[in-house]
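Enquirer: Going down the list, the protein sequences come from chains A and B.
To convert, note that position 208 of the first sequence is 208 in the numbering used here; the numbers rise steadily by one, no gaps.
Convert by adding 1000 to the 1-based position in the second sequence; the result is the number in the numbering used here.
Backbone N, C-alpha and C define an ideal beta-carbon position, used for all residues, glycine too.
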Amino acid sequence: MINNTLITAIIDSLEHGVLILNEKNNVEYINKKLSFWLKWNGQDSQEFIGKQDTHFYKKFRKLITETQEYDKVIKSIQRQKNLVSDNIDVEMKTEPYKYLNISTTPIHNSKSDYLGRLWIFENITKAKRLDQAKSEFISIASHQLRTPVSIINGYLSMVENKSEEIEAAQQGAQKLQELIEDLLNVSRLDTDKIVVEKSEEKIINLIEEIISEYSKKIKEKDISLETKYNLGKKETFPLDKKIIRHILGNLIENAIKYTPNNGEIKIKAELKNNNLRISVSDTGIGIPKKEQAKIFQKFFRAQNVKKSESNGTGIGLYYISRLIKLIKGRIHFCSEVNKGTEFVVEIPKEEK
Amino acid sequence: MSIKVLLVEDEDLLTQMYSRKFKADGYECHIAENGEKGVKIANEIKPDIILLDIMMPVKNGIEALKELKESQTTKDIPVIMLTNMSDEQYVEEAINLGAISYLVKSELIPADVVKKVKEILQAQGKKNLTTD
């Protein structure tokens, strides 16, 4: 397949490792960069040329630390040779090419005949390290910030007969703490420190428990809260309690925050095709059409929100959208300005 | 006889804050400013309960917890971790080593901490009664 000197020269000059298979899935070509990485790890690229791809997969597998995802990709390729495209990050056992992003895609001609397969190996060590350093920094900084905040909040809580000034200081400290927790949560997500642990939970119980944490805030704004469950009272579902608490808590908190006094909040839950569907709707300020596409981005805050509420980090929805992804669920919403917003979360029973 | 609490914490402002609340609620509150001193004092005074920070100089809370649970004198004293490190790895390690509870300082005001101590001591009391 590779017989053109020019093309070979181009592929060899790439900063990425390239492996090409022919239509029989024999290794046709390994470019300079990949040869070098293999040599670095004590493997001779010439050894693979002309042989079946499986031989390469096996040898390469020995160079990486966590093989679970890699094995999954290889398996799916072997099941459907001509179709599978995939992309994974792997951690190598040796430095300095510690992290590689590997992508693979089948090659077809215009008549859709299978011509072979392309593997690209990109060294992402630098980016990965930078990201780790950033997350570590946020994590350490937030931990360090927690101590003075506990001191401020603690002492303020002990003041008897609080004056207006003390109460204002207390509110400020409270907000500072929320901000720090948000930052900590996000840095934890970025470093993949969250492990999903599911157990069978009584759905209604759990939802009611979460709602009760916000009853004070709901009362303060004279908001009427309505719940509707299309479920048996004792119906259970495999859930990670902590994660659901974050997701639902965040949605309820937003609903309270952005709904004016005397407004309404509705929380519904039902089971649909093996999915648990929870929705939170409010009669709040809504999300402008123009900005709807951006609400799950990190640090995003809508214009009308900025006007009505000066506090907030724009992390909440980003955080829960990542959590929902972690439990393989989905979130969507519909919203109209000054009418309200409804968020719907769907959580699958099984991940497989 | 009042209940003896040992507070192992290196941040002076925090020890003052918690001990003030404990004393106000009628507890006897002892203080150690690092893990090493914490283990030493625990062996000397045999407190009813220990509150243990994690990030401390000389000897951190995890190492101190290990030693407390290895010593015959202190192994049965309930230990509550009271820290700002909330990463799961620490929680798990502490619980596996025998800590009875894990509290995050920034999430609780002193009154909450005292309440938790009370609950745990009550539960312990009940347990002792039934097993004796």
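On the criterion of 16 or more Cβ atoms from any shown chain inside 10 Å, does Met-1056/B qualify as buried, or is it exposed?
Expert: It counts as buried.
Enquirer: Using the beta-carbon of each residue, which ones in chain A are nearer than 8 Å to Met-1017/B?
Expert: Under the 8 Å cutoff, chain A gives Ile-151, Gly-154, Tyr-155 and Met-158.
Enquirer: Excluding the five sequence neighbours on either side, which residues of its own chain have a C-beta within less than 7 Å of the C-beta of Ser-1071/B, listed in chain order?
Expert: Asn-1043, listed in sequence order.
Enquirer: Do the CB positions of Asp-222/A and Asn-254/A come within less than 9 Å of each other?
Expert: Going by C-beta atoms, Asp-222/A is not nearer than 9 Å to Asn-254/A.
Enquirer: Could you check which residue in Phe-237/A, Leu-176/A and Arg-188/A has the C-alpha nearest to that of Glu-136/A?
Expert: Comparing Cα-Cα distances from Glu-136/A to each of Phe-237/A, Leu-176/A and Arg-188/A, the minimum goes to Arg-188/A.
Enquirer: Give the straight-line distance between the Cα atoms of Lys-1004/B and Ile-1077/B, rounded to the nearest whole angstrom.
Expert: Roughly 11 Å separates the two Cα atoms.
Enquirer: Using 8 Å as the threshold, is the segment 197-216 of chain A in touch with the segment 233-250 of chain A, meaning 3 or more CB pairs across them?
Expert: With the cut-off at 8 Å, the segment 197-216 of chain A and the segment 233-250 of chain A touch.
Enquirer: Within its chain, find whatever has a CB closer than 7 Å to the CB of Val-27/A; leave out the 5 residues flanking it on each side and keep chain order.
Expert: Closer than 7 Å at the Cβ level, and outside the excluded window around Val-27/A, lie Leu-19, Leu-21, Phe-48, Ile-49, Gly-50, Lys-51, Asp-53 and Phe-56.
Enquirer: So, does the CB of Val-18/A fall closer than 9 Å to a CB anywhere in chain D?
Expert: Going by chain labels, chain D is absent from the structure shown, which instead holds the protein chains A and B.
Enquirer: May I have the straight-line CA-CA distance separating Gly-316/A from Leu-251/A, to the nearest angstrom?
Expert: Looking at the two C-alpha atoms, the distance is approximately 9 Å.
Enquirer: Do we get a CB-CB distance below 9 Å when we pair Val-1033/B with the residues of chain A?
Expert: The residue you asked about is not Val; residue 1033/B is Glu in the sequence shown. Not closer than 9 Å to any Cβ of chain A, the Cβ of Glu-1033/B fails to qualify, so no.
Enquirer: Please classify Met-1017/B as buried or exposed, where buried requires at least 16 neighbouring CB atoms within 10 angstroms.
Expert: The residue is buried, with at least 16 neighbouring Cβ atoms inside 10 Å.
Enquirer: So which residues of chain B does Thr-8/A contact, with C-beta pairs closer than 9 Å?
Expert: Correct list: empty, because the minimum Cβ distance to chain B is about 49 Å.
Enquirer: Spell out a yes or no on whether the segment 262-272 of chain A and the segment 281-296 of chain A are touching, meaning 3 or more CB-CB pairs, one atom from each, closer than 8 Å.
Expert: They touch, by the three-pair rule.
Enquirer: Check whether the Cβ of Pro-1110/B lies closer than 9 Å to any Cβ atom in chain A.
Expert: Yes, contact with chain A.
Enquirer: Find the residues of chain A that neighbour Asn-1084/B, judging by a C-beta separation of less than 8 Å, and give them in chain order.
Expert: Within 8 Å Cβ-Cβ: His-143, Arg-146, Thr-147 and Ser-150.
Enquirer: Is Thr-1073/B helix, strand or coil when you go by DSSP?
Expert: Thr-1073/B falls in the coil class under three-state DSSP.
Enquirer: Report buried or exposed for His-246/A, applying the criterion of at least 16 other Cβ atoms within 10 angstroms of its Cβ.
Expert: Buried, by the Cβ-count rule.
Enquirer: Is the segment 117-133 of chain A in contact with the segment 94-105 of chain A, if contact means three or more CB pairs nearer than 8 Å?
Expert: Flag = yes, the segment 117-133 of chain A and the segment 94-105 of chain A touch.
Enquirer: With 9 Å as the threshold, decide whether the Cβ of Arg-330/A is near any Cβ in chain B.
Expert: For Arg-330/A, the answer is no, since every Cβ of chain B falls outside 9 Å of its Cβ.
Enquirer: Under 8 Å by Cβ, that's how I've got Ser-139/A and Leu-179/A pegged, so tell me the actual separation to the nearest angstrom.
Expert: With a Cβ gap of about 15 Å, Ser-139/A and Leu-179/A do not count as contacting.
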